[in-house]
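Here my numbering is used: the first residue of the sequence shown is 18, the next is one more, and so on.
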Amino acid sequence: MATDALNRDIEQLVQALQVLASDVQAAAQLSHMNDTQFTRRTYVRAAFALFEGNINLMTEVILAAMDRQDIQALPLKTLEILRQEEQKLDQNGLPIVHIKFRSFHKRIAPVFKSFSQLYGKSFQIDKSTAGWVDFKAAIEIRNRITHPKNAANFVITDCELNTVQRAKQWFANSVEALLNECD
18 MATDALNRDI EQLVQALQVL ASDVQAAAQL SHMNDTQFTR RTYVRAAFAL
68 FEGNINLMTE VILAAMDRQD IQALPLKTLE ILRQEEQKLD QNGLPIVHIK
118 FRSFHKRIAP VFKSFSQLYG KSFQIDKSTA GWVDFKAAIE IRNRITHPKN
168 AANFVITDCE LNTVQRAKQW FANSVEALLN ECD
């Protein structure tokens, strides 16, 4: 059952996501009006700000709910993923916490599932679709333009732009399915 604090956290999450979604929409309009490599890269960056912002904001809501004990304790591995850390034992058997960043796409499923648990659900993201394949391909496109090895890495083809657009739609549909399940 959702508490008042959880409802406030969700309201703030939605407000933040609306800002990110409007950025993606503005970038799409800019690219549509003036299709250049700059506007294509701007669209890709805005889309990934939305994806990653969504996952990070959802994670913050989950962790805050855990702090308030609004959600049952999550498995240690899930907590490590959410907190981007890893616990190991030192030579005396005492736990030591290390920062461990995980690939963005590996965090999506546990974050969605943990978020659904705030509402007593167990949502599983569908990775069997072409949308998931597009999403993973879009990650490679984003990685290429943000960590280029040469000037050619900045070029986004029509096909690649379409892949990112389909990935955005898949992600939006996945978030909508999650929220519908939690409603």
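Each residue gets a CB set at the ideal place from its N, CA and C atoms; glycine is no exception. Just so it is clear, the structure is predicted and the values come from calculations on it, not from any experiment.
- About 7 Å separates the beta carbons of Phe171 and Arg58, which is inside the 8 Å limit, making them a contact pair.
- Looking at Asp175, Lys117, Glu198, the one whose alpha-carbon comes closest to that of Gln54 is Asp175.
- Setting aside the 5 residues that flank it on each side, Thr76 is surrounded in the same chain by Leu99, Val128, each with a C-beta closer than 7 Å to its C-beta; the list follows chain order.
- A direct Cα-to-Cα measurement between Thr56 and Arg85 gives close to 43 Å.
- About 6 Å separates the CB atoms of Leu74 and Ala33; that is less than 8 Å, so the two are in contact.
- Taking the Cβ atoms as the reference, Asp87 lies roughly 7 Å from Leu135, within the contact range of under 8 Å.
- Residue pairing of Leu106 in beta bridges, as defined by DSSP: Pro112.
- Taking 8 Å as the upper bound for CB-CB distance, Ser131 and Thr95 are in contact here, some 6 Å apart.
- Across the structure, His49 and Ile113 are spaced so that their CA atoms are roughly 50 Å apart.
- Rounded to the nearest whole angstrom, the CA to CA distance from Ala184 to Asn51 is 22 Å.
- Per DSSP, Ser131 is one residue of the alpha helix (DSSP H) stretching across 121-134.
- In the three-state scheme derived from DSSP, where H, G and I count as helix and E and B as strand, Arg85 is classed as coil.
- For Phe152, the enclosing alpha helix (DSSP H) starts and ends at 147-163.
- For Asp40, the enclosing alpha helix (DSSP H) covers residues 21-50.
- C-alpha of Ser133 to C-alpha of Ser139: approximately 6 Å in a straight line.
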